[in-house]
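Using the working numbering, you'd call the opening residue of the sequence shown number 1 and step up by one each time.
Only one structure is covered here, and it is reproduced in the block below.
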Amino acid sequence: MYIVSMSIFSIILIASMQGIESDIIVEITGNIFFSSPYLMSDDISIKNKTDVENFIARILCKYTDAGFPFCRIHPEIIYADNKPEKIILNVEEGERVIISDYLFDIQGKSQIKAVKKVANLKTGNYFSSKEIERSKKDLLKTEAFEDISDNIVYRDGNYYLVFNLKEKRSDYLTTFGSLAEDNF
Numbered sequence: 001m002y003i004v005s006m007s008i009f010s011i012i013l014i015a016s017m018q019g020i021e022s023d024i025i026v027e028i029t030g031n032i033f034f035s036s037p038y039l040m041s042d043d044i045s046i047k048n049k050t051d052v053e054n055f056i057a058r059i060l061c062k063y064t065d066a067g068f069p070f071c072r073i074h075p076e077i078i079y080a081d082n083k084p085e086k087i088i089l090n091v092e093e094g095e096r097v098i099i100s101d102y103l104f105d106i107q108g109k110s111q112i113k114a115v116k117k118v119a120n121l122k123t124g125n126y127f128s129s130k131e132i133e134r135s136k137k138d139l140l141k142t143e144a145f146e147d148i149s150d151n152i153v154y155r156d157g158n159y160y161l162v163f164n165l166k167e168k169r170s171d172y173l174t175t176f177g178s179l180a181e182d183n184f
């Protein structure tokens, strides 16, 4: 998943917020693609560090689904009388990524053509975390794979998404759905 871009510093700041009893003002800066009112449109009430983490995760989901897999958010806490009064979320959107192609690294005998057909991903579109998760779910439904991970690779000015698939011990996919292809 791509929603793990909070820095250690950010986590330390959030950890210092335990014991908050009233709502805290939230301000968002650095955002260009999405407006602050849109990012704040979720009915939010921030009272503790879990609320902050959940709010940041929702914002990151919006960005990663809109083509910004490298988006980062750095929270800054403003204190008054030793109590958190305001949180400023500094958004670093990063580059909006178009996926040139989807590559599959398969540990097993499944045919790439069959895997691509099941994954049903379109090249030349903006990165979308929802589409990637849907594809992973569809591939896992075949019950041919026990583990699927993904990684973005930048090469020669293009972004590629590499899926690493680990087959179950005896199952694999071919174009026609049969279990085997003679490779002898």
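We put the CB at the ideal spot given by N, CA and C, even for glycine.
What whole-angstrom Cβ distance do D138 and A119 have, given they're in contact under 8 angstroms? 7 angstroms
Taking the alpha-carbon of I24 as reference, which of K122, F55, Y102 has the nearest alpha-carbon? Answer by Cα proximity: F55.
Could you tell me the distance, in whole angstroms, from the CA atom of S35 to the CA atom of Q107? Straight-line measurement puts the Cα of Q107 at about 43 angstroms from the Cα of S35.
What distance in whole Å lies between the Cβ atoms of I88 and E27, which are believed to be in contact at a cut-off of 8 angstroms? 5 angstroms
Coil, strand or helix - S36 by DSSP: helix
Please confirm whether N125 and I148 have their CB atoms less than 8 angstroms apart. The beta carbons of N125 and I148 sit no closer together than 8 angstroms.
Rounded Cβ spacing between D65 and S129 (contact assumed at less than 8 angstroms): 5 angstroms
How far does the beta strand (DSSP E) with R155 in it extend, from its first residue to its last? 145-155
Outcome for I32 when other beta-carbon atoms lying within 10 angstroms are tallied against a minimum of 16: exposed
Would E131 and L140 be called neighbours here (beta carbons separated by less than 8 angstroms)? In this structure, L140 does not lie closer than 8 angstroms to E131 by Cβ.
What three-state label does DSSP hand D81 in the structure shown? Coil.
If I follow the unbroken alpha helix (DSSP H) through E131, where does it start and stop? 129-141
According to DSSP, simplified to helix, strand and coil, what is I106? strand
Take V91 as the anchor and find which of K62, V153, S45 has the nearest alpha-carbon. K62
Any idea what DSSP makes of T64, helix, strand or coil? helix
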